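Residues 243 to 554 (my numbering) make up the sequence shown, in order.
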Amino acid sequence: MHRGPFRPGDRVQLTDPKGRMHTVTLEPGKEFHTHRGILAHDALIGLPDGSVVSTSGGGTAFLALRPLLSDYVLSMPRGAQVIYPKDSAQIVAMGDIFPGAKVLEAGAGSGALSCSLLRAVGTSGELHSYEVRDDFAQIARRNVEAFFNGPHPAWHLHVGDVAGCPETGFDRIILDMLTPWENLDMIERALLPGGVFIGYVATTPQLSELVEALRERGGWTEPRAWESLVRDWHAEGLAVRPDHRMIAHTAFLVSARKLAPGVTAPPRRRKPSKGSEAYAQRRQALRAAEEAARLAPTDGAEPDTTQETDRP
243 MHRGPFRPGD RVQLTDPKGR MHTVTLEPGK EFHTHRGILA HDALIGLPDG
293 SVVSTSGGGT AFLALRPLLS DYVLSMPRGA QVIYPKDSAQ IVAMGDIFPG
343 AKVLEAGAGS GALSCSLLRA VGTSGELHSY EVRDDFAQIA RRNVEAFFNG
393 PHPAWHLHVG DVAGCPETGF DRIILDMLTP WENLDMIERA LLPGGVFIGY
443 VATTPQLSEL VEALRERGGW TEPRAWESLV RDWHAEGLAV RPDHRMIAHT
493 AFLVSARKLA PGVTAPPRRR KPSKGSEAYA QRRQALRAAE EAARLAPTDG
543 AEPDTTQETD RP
């Protein structure tokens with residue numbers, strides 16, 4: 243982000259008296275039109291951050307500030323749905339993303355999480371972002387480069403399936419995809435012992451599948467699953483109350499740490515929940531059926547005897 247007076251190319255967040263925000267990219271000669279009047283970009287260029295400007299027609303005052311990262315990701319162009327700032331903050335904090343870390347991310351989507359991860363790893367780290375769709379990857383590239391005012395030296399954007407990632411030695415791996423458990427072989431190969439894996443999933447079936455897959459494979463700490471809810475408060479004199487609206491469920495996060503090769507964590511003592519035994523039996527039956535289908539010859543073909551270890 244730039245510092246100092248506003249300059250051409252800067253993104254500026256304009257807030258009206260009702261608290262509504264509008265984001266513009268400054269260009270000499272351009273104008274920002276509202277139903278309350280016109281605001282010339284030239285009137286903003288050269289002003290210090292945090293200035294108040296008024297429209298030419300109605301004289302409405304707007305507060306002009308450079309957007310924070312949390313504001314930027316909610317107003318930038320989107321291809322895929324963005325990871326909300328509350329979840330990005332949890333990933334950076336609970337994933338312990340540190341300066342100089344080597345991080346793997348998939349999928350990149352619109353680049354919202356990439357911006358937060360790049361902020362955390364700094365120029366001395368590495369972020370490898372995978373996105374299967376080229377159109378989403380190009381949107382992510384434009385958004386990240388617009389936020390950092392150019393290419394970030396730590397960022398490597400790849401178009402393709404993360405399952406084919408040849409890199410190893412990652413400190414942290416974050417997957418935002420439909421079936422992250424199908425990539426556990428790759429994760430175990432690429433992640434350093436003691437490294438943190440975080441899965442970002444939208445539904446409870448995905449949450450359950452990922453947690454149980456990590457438990458069954460061994461070699462991981464007990465998975466932790468959680469979500470974050472953010473609620474603003476209205477505070478005016480003695481009138482203090484929770485806001486009527488809040489940012490509630492957006493996704494679930496699942497985290498676990500990789501153990502040393504050949505090590506299995508001691509089993510965690512847990513009170514058996516209702517239906518857990520039946521659920522385990524169904525999983526075993528499903529795996530047995532999949533294995534039988536894989537080994538059964540089709541049309542005289544030889545049975546497939548290769549082992550798959552990345553399925554729950």
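Ideal Cβ placement from N, Cα and C applies to all residues, glycine included. Note that the structure is a prediction, hence the values are computed from the model and not measured.
Nearest by alpha-carbon distance to residue i: which of the options is it?
i                 : options                           : result
arginine 245      : Asp427, Pro309, Thr297 and Asp284 : Pro309
histidine 491     : Thr302, Thr297 and Lys328         : Lys328
leucine 488       : Met419, His476 and Thr265         : The question names leucine, but residue 488 is methionine in the sequence shown. Selected option, being the one with the closest Cα: His476.
leucine 420       : Asp338, Val254 and Glu373         : Glu373
leucine 433       : Ser298, Ala502 and Ala322         : Ala502
phenylalanine 304 : His370, Ser450, His275 and Ala507 : His275
Classify residue i as helix, strand or coil using the three-state DSSP reduction.
i                 : result
alanine 396       : coil
phenylalanine 389 : helix
glutamate 424     : helix
isoleucine 429    : helix
arginine 245      : coil
isoleucine 333    : helix
glutamate 550     : Any reading at glutamate 550 must be qualified, since the residue scores a pLDDT of 47, below 50, and its modelled position is unreliable; no value is offered.
alanine 535       : helix
serine 298        : coil
arginine 525      : helix
histidine 275     : strand
alanine 343       : coil
serine 293        : strand
So what does residue i bridge to, in DSSP terms?
i              : result
leucine 441    : The question names leucine, yet the displayed sequence has glycine at residue 441. Answer is Leu417 and Val496, bridged to glycine 441.
methionine 263 : Thr257
isoleucine 381 : Isoleucine 381 is not bridged to any residue.
leucine 307    : Gln255
alanine 210    : Summary: the structure shown does not reach residue 210, with the chain confined to residues 243 through 554, and so no result is reported for it.
proline 484    : Trp475
glycine 351    : Paired residue(s): none; glycine 351 is not in a bridge.
tyrosine 372   : Ala348 and His400
isoleucine 280 : His275
Is it right to say residue i is buried, meaning 16 or more other beta carbons lie within 10 angstroms of its own, or is it exposed?
i              : result
isoleucine 280 : exposed
threonine 446  : exposed
glutamate 533  : exposed
lysine 260     : exposed
alanine 527    : exposed
Stretch pair the region 428-440 + the region 332-348: three plus CB contacts closer than 8 Å: The region 428-440 is in contact with the region 332-348.
Assess, as a yes-or-no matter, whether the region 452-472 is touched by the region 384-400 under the definition of 3 or more beta carbon pairs within less than 8 Å. Counting C-beta pairs closer than 8 Å gives fewer than three between the region 384-400 and the region 452-472, which falls short of the contact rule.
For the structure I just gave you, are there three or more beta carbon pairs, one from the region 404-418 and one from the region 378-388, closer than 8 Å? With the cut-off at 8 Å, the region 404-418 and the region 378-388 do not touch.
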